[in-house]
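The opening residue of the sequence shown carries number 125 in the numbering used here; numbering runs sequentially from there. Glycine is no exception: its CB is placed at the ideal position from the N, C-alpha and C atoms. Note that the coordinates shown come from a computational prediction; the quantities given were computed from them, not determined experimentally.
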Amino acid sequence: MLSLPKRGGAILCLLAGGSLLQPTSLMARELTLRFQARPDAPELSCPAVSGVAPRRPSPAPKPSSDVGMPDATDLAGLPGPVSLPQANIPEEYLRKFKLPPKGSTQPLHIGLWGDSHLAAGFIGDALTQVLRHRGYRVGQRWISLAMGRPGVRTPLRKVCVSPQWSFEPAYQARGGQLPVGPDLARLQTARRDTFLWLDLRDVGRRAHIKTVDIFYQPGPRGAGLLVGVDDARARPVRLSPARKRERPGRLRVQVDGAMSLLKLRVMAGAITLYAIRTEAVDPPDVELDLMAFVSALGVHLFSNSQVVLP
């Protein structure tokens, strides 16, 4: 189901079991790092950023006006709601959204794309509550690169995103299509000490992620990273320059058990991140991924996108 307004307005796009959410079959460059998980990993504390002033507390809200709430008499003159005829949904769409048997080894993948109405997480939260009420286990696979941006709900417990990252959505592309990942955006940086730290535990502080795939493209001179898991010593990683028109590479981080913290820091060169994909120790019945971000425009979001990950 897709609604594309010409100017502004809310956007809602849902895709279930589509190609954008399937694992990549072949990557140009694959690198795997293995760590030992540490169940007693500490709380995630974001590093200080030099040259960035700390945020000041928001001013106290102004007192409300003396205007009272409208009563039944005030509301009586307003027009009542009108029921509109509902369009029939094609059977082929309904089959794609059919819920799997509980405990199935093949989760149903659902993606939500859209603007601020979706990014705030209210629709995703409502869908999650309905599914859990019916006995389904709900998780996520893809982590949106819009994490840490104002107005965007992130399914992670906590994130630390360096301001040196440049968030580039597809609709901002000029003069052609922009290569992007599943959430139709990408992150770029050429600044040393740019970091991305994630607390992958759930709200109950339970570690449940065993693998994280980072899809990337290094700059023309390659890139140097530091990658750490939990409170273990970070490991240096050298990413060679990509050949012309080469597909994104994949950096896989695996643990024996379940990881709590994942820390990525750029130490040299430039890098573009296209997507971050997770794999849980116990796969859920339904994977619900929120790909929305504030100011997205549907008419540009899809027409300017060149998704480089199948």
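Check	Outcome
Should the segment 310 to 317 be regarded as contacting the segment 289 to 299, the criterion being three or more beta carbon pairs within less than 8 Å?	yes
Starting from threonine 252, trace the beta strand (DSSP E) in both directions and tell me its first and last residue.	Segment 246 to 257 is the alpha helix (DSSP H) holding threonine 252; no beta strand (DSSP E) there.
What are the complete alpha helix (DSSP H) segments, minimum 4 residues, inside the segment 259 to 295?	none
Would valine 327 be called buried (16 or more neighbouring beta carbons within 10 Å of its own) or exposed?	exposed
Check glutamate 441 in the structure and name its three-state DSSP category.	Residue 441 cannot be examined here, being either before or after the span of the chain that is shown, 125 to 434.
Per DSSP, proline 342 is paired with what?	Ile395
With distances taken Cα to Cα, identify the nearest neighbour of threonine 396 among Ala309, Val379, Val254, Phe159.	Ala309
Could you check which residue in Gly245, Asp406, Ala331, Ala347 has the C-alpha nearest to that of phenylalanine 417?	Gly245
Quick check on histidine 332: does DSSP put it in helix, strand or coil?	coil
Take proline 365 and list the residues in its own chain whose beta-carbon comes closer than 8 Å to its own, dropping the five residues that flank it on each side.	Pro342, Gly343, Pro344, Arg345, Gly346
Roughly how many angstroms separate the alpha carbons of aspartate 307 and aspartate 195, rounded to a whole number?	44 Å
Can you tell me which of Ile247, Ser228, Pro303 puts its alpha carbon nearest to the alpha carbon of arginine 369?	Pro303
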